[in-house]
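Below is one structure, written out as structure tokens; the observations come after it.
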Amino acid sequence: IKTSQYFKPGLKFTAYIKLAHYDGTPVSDQTNPLKVKSGYSYESSEYIESHYKIPPTGVVELTFYPPKNISVLGIEAEYLDIKEWFSTVNAAVSPSDTFIQAIIKTKKPKVNNDVVLVVNSTEPLRYVTYLVLGRGDVVTANSVRVPEGAKTVEWRFLATYNMAPIAHIIIQYVKADGEVIADSLDIQLEGTLQNYVRLDSTLEESEPGGNIQLNIETKPNSYVGVLGIDQSVQLLKTGNDIDEEEVVRELSSYETSDFGIFRPFKKVLDDLGQRRSVYWSPGSFTADEVFSGSGAVILTNGYVHKHTPWLYFRGGMPQDDLMFSANVSPEMAFDGGASSGLAAVKVRSDFPETWLWEALDTGVDGKARLNKQVPDSITSWIISAFSLDPVYGLGLMDVPKKVKVFRQFFISLDLPYSVIRGETMTIPVVVFNYMDKSVYADVTLENTGQFEFADYSNDVNEAPKLELYRRKKLTIQPNSGSSTSFMITPKELGFIDIKVVAKSTLAGDIVERKLLVKAEGKTVYKNAALFIDLRNSNHFKTNFTLDIPKYIVAGSEQIEIATVGDILGPSISNLAHLIKMPFGCGEQNMLNFVPNIVILDYLKNSYKLTKAVEERCLNYLEKGYQQELTYKHDNGSFSAFGNSDTSGSTWLTAFVAKSFYYAGRHSDIVDPQVISDALSWLASKQANNGSWSEVGQVSHKEMQGGAAEGLALTAYTLTAFLETRTLIGRYNNVINKAVDYLDRNVRLINDTYPLAVTAYALTLARHPTSSIAFDKLESLANTSSDMKWWTRSLSVSERKNPHMFSPNSIDVEMTAYAMLGYLERSLVNECLPIVRWLISQQNEDGGFASTQDTVVALGALAKFAAKIIVPNTDIAVSFTYGKDVTKEFKINSANSIILQKQEIPKQIREVNITARGSGFAVAMVAYSYNVNVTGAWPLFTLDPQVDKNSDHNHLQLSICSAYVGGNESNMAVMEVSLPSGYVVDQDSLPSLEISQDVKRVETKDRDTVVVLYFDKMTAKEYCPTISAFRTHKVAMQRPVPVTVYDYYDQSRQARVFYTPSVTSVCNICENEDCRICTDGKLNSQGADGPGVASSFKQSSACIILLLLSIWMR
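The sequence shown begins at 1 in full-length UniProt numbering and counts up one residue at a time.
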């Protein structure tokens, strides 16, 4: 282990030899010495042999004083029968053979403390000059005078925060003949973080449900965030918590130096958990390397020696031996190496993955307390914390705190994410005994009528009987676990209770978990929303018939009535899930972002913004902003899948630019340079005629297609420049060219969508031609009763599509653009019919069908609502259903933005709605049901096939699909549900992601649903294959759906069901549950094969035991 890459003739050089076993532990031998041969030549016969005692650390220090005119140092070592020849150490080079050597005397260099340096020279010095560089900047520089004739000088400097984490010291002086003599030193400073967090708990170990107090100490008046996470969850995926290593790595990214050998040394220290400062002299072959290696540029009329030696002398030897290796630093080398009985048994039902997610402030004394109840999980909780202060900045805990939750006798349950009603499943139960005696326990599964026990010992023709419990006996050896299982068939939908009791004379435990039971088939969501305007009338009445077909899955209906006194009320309450579809690409992620801007704008303008709503909106806004930056290209553009796309998208970049501009009014997290770069990229892509075309992947084809030949995209991009004009005003020429292009082409537009966007853009630009576009758009409007809306021209075939008349994102989007044009013209009252139609298209969460329609429509509704504010809302909305059952909701100014709702009986098919009072409100009847038939009018082919190599434990599913509704679709999404008891094989997903057809792969519902994103689908069939494996035993599995749909046009979709390999009850039963499968004989083998049930049980126990042993560490 070398303290420098090169030795300097005439000055001390230190190296270390470390003796270690194969496992890394140091060799400690008081009898046999270490023999070292060394010499200043390449001839080992000239080396001098020395003997060294081996200390407990296994590290032997070697000190050399190489004379002048020496060019190489060779070292050999011998211990017992092991001989090692190390690569030679070369001498530094100076034309005058003059050198200086910097040494640090301070053992633990720390920020805000003095650091003492010593410089030794081979000739008398007059002065030395030093610079300290940190994070790529020169932090301090000074000269030190040296007493006459002295070859050594010592001085100190103050280490500041700006020097951390690595201070690069450059020391140099100029000889009388002009030669620059230099050396450098890298110092790792402690105290990179000026703040700190100390967290202590009153208990290191607790029983489930116990009370614990956390005592926190930081700098006074700091903000503190506390996180407590289940260690088993952390083992699955790390890297989601902030730690000092990550902060130091970020700060180190500002380094301009090569950082020499120091960087791998630091990595090893970090890997070994060494939390201390080290220093390292990178050494330099010449004076020039001193400056270049430290990231400094020298401008001088002196002579800075450069030298290019032969490869032989540059140490072209292998660099993987210990002597030349930078894997270990010298300093590192020196480090060496329950209650008894059942009286107090509590039901354990609280099993979170995250226990603590707390924010608090320390007072003037810098202290805070947090009192919490420990969850019921048998695990270890990893507690970490950080602190923030305006003066002292960030502080982190040195080591996370671990709180162990344990009891000597406990139950472990392993349940799947969900099952489908009517399926039979096993509930595996493992009982652990960590006492010193064997325990004989009764294990009972209780039943409140939510499921049936799968009793196959009775005659199959007998009516099922309600059993309140089923009991089994277990013998659990000391410090071990025993397993059993119960077979049940859920019959109620929703979350059912799984309550297991284990009793013995010595101890007991009770565990209650929730199991999600889904209805068969695929869920269909519908919503009927009505805009109630009582500004000019004090009474409103209507009735609504639910559109629920006869072929639905029995009992799958869910019906909810709701009302709110604000047009945006449903959206405000459901910002986290405005739509039912996944949103995993750059455009869809904007749904996490833009609605929050709309809500904040509206509530501020209407004086309804509360602190709670503001914090929630800003939280979502900032998360959405950070996520969207991951889809940014280096040239400033954005695309649906970021750098995995070959080019940025014109449409998405325009969308992002104007959205970021509006977000900047609410949060300073938005970087104006990001907006500027996006607009600059857009300006560079404008054609000479003023238009824009899509240079990236066209995921929203209505923007680009049709007879308008991209006119909609030009209009849309123009709005980005118009709406950001106050921030960046240098694009007037770009704007004028685009406006002229629209002016020249507006009379040629016949398609409704580009006409709606163009009319809005020209109105926003205050151009006279906007009236022509507006009048033309008005002539294409649809009206019915008290509603107005715009829709695409439909062919005869499209009119037969039943999905065409469900809420359609294209129709919603163009209608919202038309409404924005109305509002720009101050036609507020004329907007009322449009508002009624838009609200009728909303889902129960306040969103619409897709992302772009939701963003545009919410913006239009917000602008309308801001213009018709009613200061004193007082409305009573009544819903009457069934046998004259009435539910009345009161709405006033205090609760107008609160969504009030209530679930009503499943059998209801008609609801009467009345309202009285003054103001306006939105009333909704939201309902859902399941269907288990293939979807009508499919515009995609869809053929899921279970491959022949699938079995009861492994599923290989191939899904072939193609688009048959035209040439190609917009962005398409395929959702593949897995059978109950299966989860996707994560190792198989990367093979899907590298395909040119699949742009992104996601999973949801604990890996039981796979979501595939496609840029588009064409008539060419694509057949992705998904692998899954069984984690839970489920028999008589119901068919599960695969759906594919056009993300921007919901009339294009397909739905097909598939069934996995048939699994009978005899495939999953164990022991006495298998009587009927073995002609009434008690057999521990299920029908999976000899020993399968038993071995599955044993392996499950082994896995759980192994995990528990990890958690308990």
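Just so you know, even glycine gets a beta-carbon here, dropped at the ideal spot from N, CA and C.
Predicted model, so just to flag it, every value in this text is computed and none were measured.
By the three-class DSSP mapping on this structure, what secondary structure does residue 35 have? To locate residue 35, count along the sequence shown from 1; it is residue 35. In the three-state scheme derived from DSSP, where H, G and I count as helix and E and B as strand, residue 35 is classed as strand.
Near residue 1145, which residues of its chain fall below 6 Å by C-beta distance, leaving aside the five closest residues on each side in sequence? No answer is possible for residue 1145: it lies beyond the span of the chain, which begins at 1 and ends at 1113.
Give me the Cα-Cα distance between residue 708 and residue 691, rounded to the nearest whole angstrom. Walking along the sequence shown from the start, residue 708 turns up at place 708. Walking along the sequence shown from the start, residue 691 turns up at place 691. Because the pLDDT at residue 708 is just 40, under 50, the model does not fix this residue reliably, and the value given afterwards should be weighed accordingly. Residue 708 and residue 691: Cα-Cα distance of roughly 12 Å.
Closer than 8 Å is the cut-off here; do at least three beta carbon pairs connect the segment 530 to 549 with the segment 884 to 901? With the cut-off at 8 Å, the segment 530 to 549 and the segment 884 to 901 do not touch.
For residue 654, does the three-state DSSP call read helix, strand or coil? Position 654 of the sequence shown holds residue 654. Of the three classes helix, strand and coil, the one that applies to residue 654 here is helix, per DSSP.
CA-to-CA distance, residue 714 to residue 720, given in whole angstroms: Residue 720 sits at position 720 when you count from the first residue of the sequence shown. Residue 714 sits at position 714 when you count from the first residue of the sequence shown. The alpha-carbon atoms of residue 720 and residue 714 are separated by roughly 10 Å.
Figure out for me which residue from 127, 304, 479 and 854 has the closest Cα to the Cα of residue 179. Position 179 of the sequence shown, counted from the start, is the residue given in the question as residue 179. Looking at 127, 304, 479 and 854, the one whose alpha-carbon comes closest to that of residue 179 is 304.
Is it buried or exposed for residue 79, if we count other Cβ within 10 angstroms and need 16 for buried? Looking up residue 79 in the sequence shown gives position 79. The residue is buried, with at least 16 neighbouring Cβ atoms inside 10 Å.
Tell me whether residue 660 is buried or exposed, calling it buried when 16 or more other Cβ atoms sit within 10 Å of its Cβ. Taking the first residue of the sequence shown as position 1, residue 660 is located at position 660. Here residue 660 is buried, its C-beta having at least 16 other C-beta atoms within 10 Å.
Would you decide whether residue 883 is buried or exposed? Buried here means 16 or more other CB atoms lie within 10 Å of its CB. Here residue 883 refers to the residue found at position 883 when the sequence shown is read from its first residue. With fewer than 16 Cβ atoms within 10 Å of its Cβ, residue 883 is classed as exposed.
Tell me the rounded alpha-carbon separation between residue 285 and residue 12. On the sequence shown, position 285 is the one that residue 285 refers to. On the sequence shown, position 12 is the one that residue 12 refers to. One C-alpha to the other measures close to 16 Å.
Residue from 288, 523, 1044 and 39 whose Cα sits closest to the Cα of residue 67: Along the sequence shown, read from residue 1 onward, the residue named residue 67 stands at position 67. Of the candidates 288, 523, 1044 and 39, the one whose C-alpha sits nearest the C-alpha of residue 67 is 39.
Quick test of your reading: residue 536 and residue 843, contact by CB under 8 Å. State the CB separation rounded to the nearest angstrom. Position 536 of the sequence shown, counted from the start, is the residue given in the question as residue 536. Position 843 of the sequence shown, counted from the start, is the residue given in the question as residue 843. At roughly 29 Å, the Cβ-Cβ gap does not stay under 8 Å, so residue 536 and residue 843 are not in contact.
Is DSSP giving residue 16 helix, strand or coil here? Counted from its first residue, the sequence shown places residue 16 at position 16. When DSSP states are grouped into helix, strand and coil, residue 16 belongs to the strand group.
Ignore the nearest five residues each way along the sequence and tell me which others in residue 1029's own chain have a CB closer than 8 Å to its CB. Within the sequence shown, residue 1029 is the residue found at index 1029, counting from 1. Closer than 8 Å at Cβ, skipping near neighbours: 953, 954, 955, 982, 983 and 985.
Whole-angstrom C-beta distance between residue 220 and residue 364, which should lie under 8 Å: Here residue 364 corresponds to residue number 364 of the sequence shown, with the count starting at 1. Here residue 220 corresponds to residue number 220 of the sequence shown, with the count starting at 1. Yes, they are in contact, since the Cβ atoms of residue 364 and residue 220 sit about 5 Å apart, within 8 Å.
Considering only their Cβ atoms, is the gap separating residue 502 from residue 435 smaller than 9 Å? Stepping through the sequence shown from its first residue, residue 435 is reached at position 435. Stepping through the sequence shown from its first residue, residue 502 is reached at position 502. With contacts defined by Cβ atoms closer than 9 Å, residue 435 and residue 502 do not form a contacting pair.
Under the three-state reduction of DSSP, which class applies to residue 85: helix, strand or coil? One-based indexing of the sequence shown puts residue 85 at position 85. Reduced to three states, the DSSP call for residue 85 is strand.
Quick one, are the C-beta atoms of residue 765 and residue 739 less than 9 Å apart? Counted from its first residue, the sequence shown places residue 765 at position 765. Counted from its first residue, the sequence shown places residue 739 at position 739. Taking 9 Å as the Cβ cut-off, residue 765 and residue 739 qualify as a contacting pair.
Can you list, in chain order, the residues of its chain with a C-beta nearer than 6 Å to that of residue 950? Leave out the 5 residues immediately preceding and following it. As a working note, residue 950 is residue 950 in the sequence shown. Closer than 6 Å at the Cβ level, and outside the excluded window around residue 950, lie 956 and 1061.
Any idea what DSSP makes of residue 454, helix, strand or coil? Residue 454 sits at position 454 when you count from the first residue of the sequence shown. In the structure shown, residue 454 sits in coil (DSSP, three-state: anything other than H, G, I, E or B).
Rounded separation between residue 850 and residue 578 - CA only: What you label residue 850 is simply residue 850 of the sequence shown in a count that begins at 1. What you label residue 578 is simply residue 578 of the sequence shown in a count that begins at 1. The alpha-carbon separation between residue 850 and residue 578 amounts to approximately 9 Å.
Counting along the chain, where does the alpha helix (DSSP H) carrying residue 288 start and finish? As a working note, residue 288 is residue 288 in the sequence shown. 287 to 293 is the span of the alpha helix (DSSP H), which, as asked, contains residue 288.
Length at least 4, wholly inside the segment 578 to 651: the alpha helix (DSSP H) runs in chain order: DSSP runs (the alpha helix (DSSP H)) wholly in the segment 578 to 651: 586 to 589, 594 to 605 and 611 to 629.
Of the listed residues 1038, 37 and 871, nearest to residue 522 (C-alpha basis): Here residue 522 corresponds to residue number 522 of the sequence shown, with the count starting at 1. For the residues 1038, 37 and 871, the minimum Cα distance to residue 522 belongs to 1038.
Just to confirm, are residue 128 and residue 153 a CB contact at a threshold of 9 Å? One-based indexing of the sequence shown puts residue 128 at position 128. One-based indexing of the sequence shown puts residue 153 at position 153. Contact: yes.
When you compare each of 471, 251 and 200 to residue 441 by their alpha carbons, which one comes out closest? To locate residue 441, count along the sequence shown from 1; it is residue 441. Each of 471, 251 and 200 was checked against the Cα of residue 441, and the nearest Cα belongs to 471.
Could you tell me which uninterrupted beta strand (DSSP E) segments, each at least 3 residues in length, are contained entirely in the segment 154 to 192, listed from first to last along the chain? Here the runs fully enclosed are 166 to 174 and 180 to 188.
Where do the N-terminal and C-terminal ends of the alpha helix (DSSP H) with residue 1117 fall, by residue? In the structure displayed, the chain extends from 1 to 1113; residue 1117 sits before or after that span and is not available.
Go to residue 199, then tell me how far its beta strand (DSSP E) extends in each direction, as first and last residue. Indexing the sequence shown from 1 puts residue 199 at position 199. Boundaries of the beta strand (DSSP E) harbouring residue 199: 198 to 201, taken from the DSSP string.
Does DSSP put residue 101 in a helix, in a strand, or in coil? Residue 101 sits at position 101 when you count from the first residue of the sequence shown. DSSP, reduced to helix, strand and coil, places residue 101 within a strand of the structure shown.
Just confirm the distance between the C-beta atoms of residue 670 and residue 509, as a whole number of angstroms; I'd bet it's less than 8 Å. Here residue 670 is taken as the residue at index 670 of the sequence shown, counted from 1. Here residue 509 is taken as the residue at index 509 of the sequence shown, counted from 1. About 52 Å separates the CB atoms of residue 670 and residue 509; that is not less than 8 Å, and the two are not in contact.
Runs of alpha helix (DSSP H) wholly within the segment 511 to 582 (minimum 4 residues, chain order): Listed in chain order, they are 569 to 573.
Own chain residues within Cβ distance below 8 Å of residue 830, not counting five before or after: As a first step, residue 830 is located in the sequence shown; it is residue number 830 there, counting from the start. Same-chain partners within the cutoff: 822.
Mapping DSSP to helix, strand and coil, what is residue 1023? Mapped onto the sequence shown, residue 1023 falls at position 1023. For residue 1023, the three-state secondary structure derived from DSSP is coil.
Put residue 859 into one of helix, strand or coil per three-state DSSP. As a working mapping, residue 859 is identified with position 859 in the sequence shown. Under the three-state reduction of DSSP output, residue 859 falls in the helix class.
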